[in-house]
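First up is the structure itself, then whatever we jot down about it.
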Amino acid sequence: MKYRILLEKTSFREAREYIEKNSDEVYYVEPGYKIFKDYYIIGVPPVAMGARGKELLFTYVKPCYGAFVMAIDSEEEIERLREREREKIKASLKKGGLKERAEPVPASFGDMWKK
Amino acid sequence: MTQGKKALLVMGCPEVPVQMSIVLYLSNKLSKAGYDVTAAGTDAAVKLLKVSDPESYYIQKTEDLDQIISDVVEKKIDFDLCFVFMHSDAGMTYGATFSAISKARLFAVIFGKNAEELANTVDYPAEKIMAKATHNPNPLKIKVDKVVL
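Protein sequences appear in the order of chains A and B. The first sequence: position 73 = 73 (the working numbering), numbered continuously. The second sequence: position 50 = 165 (the working numbering), numbered continuously.
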């Protein structure tokens with residue numbers, strides 16, 4: 001897999017800020033989020049991941065070298081992040097919707113007029 | 116009773132001498148308390164451990180750091196206690212990761228020249244064991260001995 005190193009041997013905070021400033025789209029994932037089938041993201045929440053054109057920007061942490069920002073072309077992983085975001089929005093809307101319905105629904109027209 | 120309980124020691128970069136000493140010390144202490152201990156780290160850290168303890172007297176189980184993260188995320192394994200050793204931002208970041216992926220009671224074992232500054236960056240749920248120790252392990256050993264398991 002071809003990768004590019006955009007920032008190297010830095011702190012995790014700086015790596016996250018780099019992604020936030022240099023991506024067209026930014027998504028936040030939890031530590032342990034899996035990409036490319038076998039890499040689990042190491043990080044301090046919120047862990048930023050970016051999309052810039054076809055490039056996926058993400059943090060990579062090595063114990064002896066610090067944090068890196070890597071870029072790999074992957075429309076598939078970017079689409080997975082977008083889909084995840086859509087699901088999150090749907091879930092939050094659903095939650096909000098349920099809240100609105102927390103008020104009891106009037107049983108009849110008579111009940112409506114009582115208000 | 117701690118029989119059947121599991122403890123994980125997560126080693127950071129092995130460049131600061133006190134780490135290996137405290138890993139072996141803590142492993143011995145936990146084993147005597149009945150814990151099944153696993154030490155995880157980079158290839159270099161695991162090699163240092165195996166050379167220091169050739170008969171596996173202090174540590175019976177070692178694991179690659181990436182593999183243990185994969186196993187915890189995939190819920191193949193988890194621990195009751197997890198000690199993450201850190202003397203740099205990278206170590207602190209690994210601690211945050213274990214805080215998020217594991218249900219273990221988490222300890223951040225903070226040491227090195229910048230221990231105090233580093234301890235201030237640990238803002239996730241973890242009990243801090245901190246000493247400004249690099250070559251002499253005793254200040255950190257004293258803090259480890261104060262931990263109630």
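Beta carbons: idealized from backbone N, C-alpha and C, even for Gly. Computed from a prediction, not measured in an experiment: that's the story for all the values here.
Nonlocal neighbours in the same chain, by C-beta distance under 6 Å from residue i, ignoring five residues either side
| i | result |
| --- | --- |
| B:L123 | T153, F194, C197 |
| B:Y173 | L139, S142, N143 |
| A:R4 | A71 |
| A:E87 | none |
| B:A211 | Y239 |
| B:Q175 | none |
| A:G110 | Note that A:G110 scores a pLDDT of 47, beneath 50, so its modelled location is shaky; the value from the coordinates is reported in the next line. Result list for A:G110: empty, nothing under 6 Å. |
| A:Y40 | G32, K34 |
| B:D151 | K121 |
| A:Y65 | K9 |
Span separating the alpha-carbon of residue i from that of residue j
| i | j | result |
| --- | --- | --- |
| A:T59 | B:D181 | 15 Å |
| B:D168 | A:P45 | 36 Å |
| B:D179 | B:A215 | 19 Å |
| A:I78 | A:G32 | 17 Å |
| A:D73 | A:E8 | 19 Å |
| B:K191 | A:I19 | 32 Å |
| B:G264 | B:I183 | This sequence places Leu at residue 264 of chain B; Gly is not what is there. So the two alpha carbons sit approximately 22 Å from each other. |
| A:M1 | A:D24 | 22 Å |
| A:I42 | A:K34 | 10 Å |
| B:E231 | A:E85 | 38 Å |
| B:V125 | A:K95 | 38 Å |
| A:E14 | B:K247 | 25 Å |
| B:H251 | B:L145 | This sequence places Asn at residue 251 of chain B; His is not what is there. In a straight line, the C-alpha of B:N251 is about 21 Å away from that of B:L145. |
| A:L57 | B:R220 | 32 Å |
| A:N22 | A:F36 | 22 Å |
| A:V26 | B:G127 | 29 Å |
| A:E76 | A:D38 | 15 Å |
| A:K114 | A:L93 | Confidence at A:K114 is low in this model, with a pLDDT of 47, below 50, so the placement of that residue should be treated as unreliable; the coordinate-derived value is given next. Cα to Cα, the separation comes out at about 30 Å. |
Supposed close pair residue i, residue j - CB separation, criterion 8 Å
| i | j | result |
| --- | --- | --- |
| A:L81 | A:A51 | 7 Å |
| B:P129 | B:A148 | About 25 Å separates the two Cβ atoms, so there is no contact after all. |
| A:S11 | A:A91 | About 32 Å; that fails the 8 Å criterion. |
| B:G206 | A:P63 | 7 Å |
| B:I279 | B:V259 | Chain B is shown from 116 up to 264; residue 279 of chain B falls before or after that span and cannot be answered. |
| B:Q134 | B:F200 | 5 Å |
| B:T249 | B:V131 | 6 Å |
8 Å Cβ shell around residue i - same chain, five flanking residues per side excluded
| i | result |
| --- | --- |
| B:T177 | T153, A154, A155, G156, V161, L164, K165 |
Residues near residue i in its chain [Cβ-Cβ closer than 7 Å; skip 5 each side]
| i | result |
| --- | --- |
| B:A234 | I225, K243, M245 |
| B:V187 | D193, I216, S217 |
Element boundaries [alpha helix (DSSP H), containing residue i]
| i | result |
| --- | --- |
| B:F194 | That residue, B:F194, is in no alpha helix (DSSP H); it is neither H nor E in DSSP. |
| A:E17 | 12-22 |
| B:F213 | 204-216 |
| B:D186 | 180-188 |
| A:T59 | Careful: A:T59 lies outside any alpha helix (DSSP H), inside the beta strand (DSSP E) at 55-62. |
CB contact below 9 Å: residue i versus chain E
| i | result |
| --- | --- |
| B:T177 | Going by chain labels, chain E is absent from the structure shown, which instead holds the protein chains A and B. |
Boundaries of the beta strand (DSSP E) in which residue i is found, first to last residue
| i | result |
| --- | --- |
| B:D151 | 151-156 |
| B:K121 | 121-125 |
| B:K147 | Here B:K147 belongs to no beta strand (DSSP E); instead the alpha helix (DSSP H) covers 133-147. |
| B:E242 | 242-245 |
| A:I72 | 66-73 |
| A:E25 | 25-29 |
| B:I257 | Run containing B:I257: none in the beta strand (DSSP E); it sits in the alpha helix (DSSP H), 253-260. |
Within 8 Å, do at least three Cβ pairs link the stretch 213-227 of chain B to the stretch 245-255 of chain B? Between the stretch 245-255 of chain B and the stretch 213-227 of chain B there are three or more inter-stretch CB-CB distances shorter than 8 Å, so the stretches are counted as touching.
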